[in-house]
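There are 2 protein chains.
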Amino acid sequence: MARPRQFDEERVIGAAMGTFWRHGYEGTSTRDLCDSTGLGPSSLYNTFGGKRQLYLRALERYHDTATAEQMEILAGPGSAGRRLRALMVHAVDTDLAAAEADPHGCFAINAAIEAAAHDPDVKQVVRRTFDRVEGAIRTVVAAGQGAGEFRSDIDTRTLARQVQSAYYGLRVLSRAQDRRTLLSTIRATLATLSAPVERTEATAAP
Amino acid sequence: MARPRQFDEERVIGAAMGTFWRHGYEGTSTRDLCDSTGLGPSSLYNTFGGKRQLYLRALERYHDTATAEQMEILAGPGSAGRRLRALMVHAVDTDLAAAEADPHGCFAINAAIEAAAHDPDVKQVVRRTFDRVEGAIRTVVAAGQGAGEFRSDIDTRTLARQVQSAYYGLRVLSRAQDRRTLLSTIRATLATLSAPVERTEATAAP
DNA sequence: CCAGTTATGAAGCGCACGCTCCAAAACCTC
DNA sequence: GAGGTTTTGGAGCGTGCGCTTCATAACTGG
Numbered sequence: 001m002a003r004p005r006q007f008d009e010e011r012v013i014g015a016a017m018g019t020f021w022r023h024g025y026e027g028t029s030t031r032d033l034c035d036s037t038g039l040g041p042s043s044l045y046n047t048f049g050g051k052r053q054l055y056l057r058a059l060e061r062y063h064d065t066a067t068a069e070q071m072e073i074l075a076g077p078g079s080a081g082r083r084l085r086a087l088m089v090h091a092v093d094t095d096l097a098a099a100e101a102d103p104h105g106c107f108a109i110n111a112a113i114e115a116a117a118h119d120p121d122v123k124q125v126v127r128r129t130f131d132r133v134e135g136a137i138r139t140v141v142a143a144g145q146g147a148g149e150f151r152s153d154i155d156t157r158t159l160a161r162q163v164q165s166a167y168y169g170l171r172v173l174s175r176a177q178d179r180r181t182l183l184s185t186i187r188a189t190l191a192t193l194s195a196p197v198e199r200t201e202a203t204a205a206p
Numbered sequence: 001m002a003r004p005r006q007f008d009e010e011r012v013i014g015a016a017m018g019t020f021w022r023h024g025y026e027g028t029s030t031r032d033l034c035d036s037t038g039l040g041p042s043s044l045y046n047t048f049g050g051k052r053q054l055y056l057r058a059l060e061r062y063h064d065t066a067t068a069e070q071m072e073i074l075a076g077p078g079s080a081g082r083r084l085r086a087l088m089v090h091a092v093d094t095d096l097a098a099a100e101a102d103p104h105g106c107f108a109i110n111a112a113i114e115a116a117a118h119d120p121d122v123k124q125v126v127r128r129t130f131d132r133v134e135g136a137i138r139t140v141v142a143a144g145q146g147a148g149e150f151r152s153d154i155d156t157r158t159l160a161r162q163v164q165s166a167y168y169g170l171r172v173l174s175r176a177q178d179r180r181t182l183l184s185t186i187r188a189t190l191a192t193l194s195a196p197v198e199r200t201e202a203t204a205a206p
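Encoded structure:
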């Protein structure tokens, strides 16, 4: 037919994702994208159409792959509580240990804050990602409830949403808080999940 | 001495805050700032020094004033649960009802996601705001515990951090979720705070 | 009312933005 | 190979960026 492409499209999207992830949509220039992907502007625009479309592709890529890491942790070994804790500790550590040039936080959250309000397409992808994470969390919560590890007086879906909001809030807080405080927050979330000691008017020592 | 200013500095900061709040740091141009404040670029730069400094002033202004709205709700009438619920419902409604030109979400969260990683000064102000909100929540949580409304087997500070993370996560989710789901998430958070029914191995119906 | 000082508006600085154009190159089919 | 088709690199389009400059306006103390 004609001259074939000299690059791997998926690899390019991956590189673009990293750049958008690090600097946000507005903070990333087409120059940055050309540098990180190795493509010239003509190839970039011929293949993807423009900055916005490439951003959307990167976001979908995150939905497909980077979310997988979280799924993996949630599907890992150990009790439900240990798995949720692993998810949160992992988030805190990667957020805090991120060097200057590393990606910061969760790309979907970044996109939700920066772009979802102004771009319905972004909003839709972000929502799909949120729903997927909620589903993965729900599986773990259900397991915890089944094992008597978590309280069962709140239905699984509701409890899972509570965990997700606490998890996402944690990732917001991790942008400005210290590790000690964040770990305390994780402990707090897990504590509210476990069936607590029976209610007493005041837990006075004997 | 000399010619006095023709504008109210505080009013200008307020206008700039609105613009940064709506469009983010990178998404706001100096032109936008001149338009919203009514100042010429020379006045803006003579008074504040530049875009970044003005952003910091706006962020500090948010810390001083816009946080007050949340404080007010938390210090309002009703039980602790009602007040926390009011805070969250208020957040959801303002986030969802925001028109195209309205500010979206919480400015401190926006700043945390967009700018805190790259700017230590931003990070510091954001953290102060986070700490302040945590403190206000802690007061309400303590009241709820004192009234026997909330569980007391988790210490106040820890429980407050849990509420804060759930609250901030809710504000992230509100960028992409529908109201129904968000209200369910609020219910979930409040449910985990209340002293639950005594633990049973399995809540089987008789 | 004048000298001194600061704020203002307008013009525009150099630069980077998102993106386009096009001749040359690289490939496939025949 | 020749002809046709697509990709590629590079120059550069118009525009808007953050910010500066400067003559002029507006005020104060003496």
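Just so you know, the protein sequences line up as chains A and B, in that order. Count the first sequence with the UniProt record's numbering and you get residues 1 to 206, in order. Count the second sequence with the UniProt record's numbering and you get residues 1 to 206, in order. Every residue gets a Cβ at the ideal spot worked out from N, C-alpha and C, and that includes glycine. Since the model is a prediction, treat every value here as computed from it, not as a measurement.
Cβ neighbour criterion (16 or more within 10 Å) applied to residue i
| i | result |
| --- | --- |
| residue 69(A) | exposed |
| residue 166(A) | buried |
| residue 16(A) | buried |
| residue 42(A) | exposed |
| residue 144(B) | buried |
| residue 97(B) | exposed |
| residue 7(A) | exposed |
| residue 3(A) | exposed |
| residue 204(B) | The pLDDT assigned to residue 204(B) is 38, lower than 50, so where the model puts this residue is not dependable, and the model offers no usable value. |
| residue 101(B) | exposed |
| residue 95(B) | buried |
Residue i versus residue j - alpha carbon distance
| i | j | result |
| --- | --- | --- |
| residue 18(B) | residue 84(B) | 26 Å |
| residue 91(B) | residue 171(B) | 7 Å |
| residue 200(A) | residue 188(B) | The pLDDT assigned to residue 200(A) is 43, lower than 50, so where the model puts this residue is not dependable; a value taken from the coordinates is nonetheless given after this. The straight-line gap from Cα to Cα measures roughly 22 Å. |
| residue 9(A) | residue 47(A) | 9 Å |
| residue 127(A) | residue 174(B) | 10 Å |
| residue 61(B) | residue 71(B) | 15 Å |
| residue 86(B) | residue 28(A) | 38 Å |
| residue 115(A) | residue 108(A) | 10 Å |
| residue 112(A) | residue 76(B) | 31 Å |
| residue 57(B) | residue 106(A) | 27 Å |
| residue 160(B) | residue 182(A) | 12 Å |
| residue 103(B) | residue 5(A) | 44 Å |
| residue 149(B) | residue 194(B) | 6 Å |
| residue 191(B) | residue 151(B) | 10 Å |
| residue 24(A) | residue 80(A) | 33 Å |
| residue 147(A) | residue 137(A) | 15 Å |
| residue 89(B) | residue 164(B) | 14 Å |
| residue 179(A) | residue 186(A) | 10 Å |
| residue 54(A) | residue 135(B) | 42 Å |
| residue 44(A) | residue 119(A) | 21 Å |
| residue 50(B) | residue 26(B) | 14 Å |
| residue 64(A) | residue 14(A) | 11 Å |
| residue 93(B) | residue 34(B) | 30 Å |
| residue 142(B) | residue 153(B) | 12 Å |
| residue 209(A) | residue 121(B) | There is no way to answer for residue 209(A), as the model of chain A reaches only from 1 to 206. |
Residue i (DSSP reduced to helix, strand or coil)
| i | result |
| --- | --- |
| residue 174(A) | coil |
| residue 167(A) | helix |
| residue 118(A) | coil |
| residue 124(A) | helix |
| residue 24(A) | coil |
| residue 143(B) | helix |
| residue 63(B) | helix |
| residue 106(B) | coil |
| residue 43(B) | helix |
| residue 7(B) | coil |
| residue 155(A) | coil |
| residue 15(A) | helix |
| residue 78(A) | coil |
| residue 50(A) | coil |
| residue 184(A) | helix |
| residue 38(B) | coil |
| residue 98(B) | coil |
| residue 2(B) | coil |
Cross-strand partners of residue i (DSSP beta bridge)
| i | result |
| --- | --- |
| residue 194(A) | 150(A) |
Beta-carbon separation (whole angstroms), residue i vs residue j, contact threshold 8 Å
| i | j | result |
| --- | --- | --- |
| residue 177(B) | residue 130(A) | 7 Å |
| residue 184(A) | residue 158(B) | 6 Å |
| residue 59(A) | residue 125(A) | 5 Å |
| residue 140(B) | residue 39(B) | Contact doesn't hold; Cβ gap of about 40 Å is too wide. |
| residue 67(B) | residue 22(B) | So it is not a contact: roughly 18 Å between Cβ atoms. |
| residue 169(A) | residue 169(B) | 3 Å |
Proximity test, residue i beta-carbon vs the ligand SAH heavy atom, cut-off 7 Å
| i | result |
| --- | --- |
| residue 119(B) | Inclusion of the ligand SAH in the displayed structure is not the case, the ligand content being empty and no account of it being possible. |
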